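In our numbering, the protein residues as written are 1 to 396.
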């Protein structure tokens, strides 16, 4: 703490001002005023929130009747409570000698200090728990230490301070000076832990859920959102005139692949239909294609189209514009899954929602003529994941 000295008047004049002031810092202000006088900079206690400060600030105005300011070296952080309080020792600082000089400035200084001490005590008393002036006389002193240890402060029917415990229902006897609590709270207050509370309430032990179990419960509680349907290539229909060849191929390890083989030079198409659930939100669908290749290197560019037909709608519907999704062959006979496509918005009337199911026909093709399709070998489609949203939990 640093001190800025001020010229001393004949004596400090103590006004009717509380010797405490508080501010809330804004993170920028460094100077805070105090409206009460202090005799010396050491008479001013400075707090930031609950922490007393000893350094990092300068007290200006010690010895002035109208107060002064505390200037911090760095602004207190935003939201911090700044407390400035005059705290002086309750003691005599002047001794008048028998037969000695009786100077007015000396007696004024001593009376000023005594007045400041009284203001300090009055401020502390004002912050204490007291009875109202209109209350009848009643003893508010605390019970002895041995009586109040481990208990809490309460008041009896006459308003006297007591050390209270709640009723202890396990043995049917009330605790000393029992406090008013609800029967439920009274039944639980003497239980040592949560397990004892569950026994009091007649509840069984809690089961520990695994993360997977918790996720499953959450999913079953909220079944709405995105769902996936798997469509294997063997269930798709090759489009007449541009048919990918259905191939059954056995790998060296014994695994049989049932695929549609899409040529590297000719655009070929396969289709399949989905009867959408009533809970379908009638929004767009996304697709992830699973594929492989027996040889070669490079990228494959796939395309996806969709058409929707509602109840009593014409089945001879046109497909939507194609949505492209590409992928690169990493190794022959490895499983490859494309990134999720952009939303495929089926052309035609979509009967989503509670009124009906609707039929959606999807068309998958290899865009072999596109510059982004660089795999010179056939691409083998194993199947498709179809992702769509639900707006209802079931089809009732």
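We put the CB at the ideal spot given by N, CA and C, even for glycine.
Note that the structure is a prediction, hence the values are computed from the model and not measured.
- Item | Same chain, Cβ closer than 7 Å to residue 292, five either side skipped, listed in chain order | Numbered from 1 along the chain shown, position 292 holds the residue referred to as residue 292. Excluding positions up to five away in sequence, the list reads 333, 334, 335, 336, 380 and 382.
- For residue 386, name the three-state secondary structure that DSSP assigns. The count along the chain shown starts at 1 and reaches residue 386 at position 386. Residue 386: strand per DSSP, three-state reduction.
- Item | Check whether residue 274 and residue 344 have beta carbons under 8 Å apart | Residue numbering aside, residue 274 sits at position 274 when the chain shown is read from its first letter. Residue numbering aside, residue 344 sits at position 344 when the chain shown is read from its first letter. Going by beta carbons, residue 274 and residue 344 fall outside the 8 Å limit.
- Which residue or residues does DSSP assign as beta-bridge partners of residue 364? Position 364 of the chain shown, counting from 1, holds the residue named residue 364. 270 and 304, per the DSSP bridge assignment.
- Member of 281, 331 and 258 whose CA lies at the smallest distance from the CA of residue 415: One cannot answer for residue 415 here, as it falls past the ends of the chain, which runs 1 to 396.
- In angstroms, rounded to a whole number, what distance separates the CA positions of residue 44 and residue 153? Residue numbering aside, residue 44 sits at position 44 when the chain shown is read from its first letter. Residue numbering aside, residue 153 sits at position 153 when the chain shown is read from its first letter. Straight-line Cα distance between these residues: approximately 34 Å.
- Taking Cβ positions, are residue 233 and residue 259 nearer each other than 8 Å? Locating residue 233 in the chain shown gives position 233, where the first residue counts as 1. Locating residue 259 in the chain shown gives position 259, where the first residue counts as 1. Pairing residue 233 with residue 259 gives a Cβ-Cβ distance under 8 Å.
- Task: Look at the alpha carbon of residue 389 and the alpha carbon of residue 300, and state the distance between them as a whole number of angstroms.
- Result: Sequence index remark: in the chain shown, residue 389 carries index 389 (1-based). Sequence index remark: in the chain shown, residue 300 carries index 300 (1-based). In a straight line, the C-alpha of residue 389 is about 28 Å away from that of residue 300.
- Message: Classify residue 119: buried if its beta carbon has 16 or more other beta carbons within 10 angstroms, exposed otherwise.
- Response: Start at 1 with the first residue of the chain shown, and residue 119 comes out as number 119. So residue 119 ends up on the buried side.
- Task: Give the range of the alpha helix (DSSP H) segment to which residue 120 is assigned.
- Result: Taking the chain shown and counting its residues from 1, the one referred to as residue 120 is at position 120. Here the alpha helix (DSSP H) through residue 120 covers 104–126.
- Query: In chain order, what residues of the same chain lie with their CB nearer than 7 Å to the CB of residue 281, ignoring the 5 residues before and after it?
  - Reply: The residue you call residue 281 lines up with position 281 of the chain shown. Result list for residue 281: 352, 389, 390 and 391, in chain order.
- May I ask you to verify whether the stretch 49–64 touches the stretch 99–110, counting CB pairs closer than 8 Å and requiring at least 3? no
- Grouping DSSP H, G and I as helix and E and B as strand, with all else coil, what is residue 197? Your numbering for residue 197 matches position 197 in the chain shown. In the structure shown, residue 197 sits in a helix (DSSP, three-state: H, G or I).
- Query: Since residue 405 and residue 106 are thought to touch, with beta carbons under 8 Å apart, how far apart are those beta carbons, to the nearest angstrom?
  - Reply: Lying before the first or after the last residue shown, residue 405 is absent from the chain, which here runs from 1 to 396.
- If we count the other Cβ atoms within 10 Å of its Cβ and call it buried at 16 or more, is residue 171 buried or exposed? Residue mapping note: residue 171 aligns to position 171 of the chain shown, counting from 1. Per-residue confidence for residue 171 stands at a pLDDT of 45, beneath the threshold of 50, marking its modelled position as unreliable; the derived number appears in the next sentence. It counts as exposed.
- Item | beta strand (DSSP E) segments (min. 3 residues) lying fully within the stretch 226–255 | 245–250
- For residue 302, does the count of other Cβ atoms within 10 angstroms reach 16, so buried, or fall short, so exposed? Along the chain shown, read from residue 1 onward, the residue named residue 302 stands at position 302. With 16 or more Cβ atoms within 10 Å of its Cβ, residue 302 is classed as buried.
- Pick helix, strand or coil for residue 33, following the three-state DSSP scheme. Here residue 33 refers to the residue found at position 33 of the chain shown. Three-state DSSP puts residue 33 in a strand.
- Message: Rounded to the nearest angstrom, what separates residue 242 and residue 394 at their Cα positions?
- Response: Position 242 of the chain shown holds residue 242. Position 394 of the chain shown holds residue 394. Spanning the two alpha carbons is a distance of roughly 38 Å.
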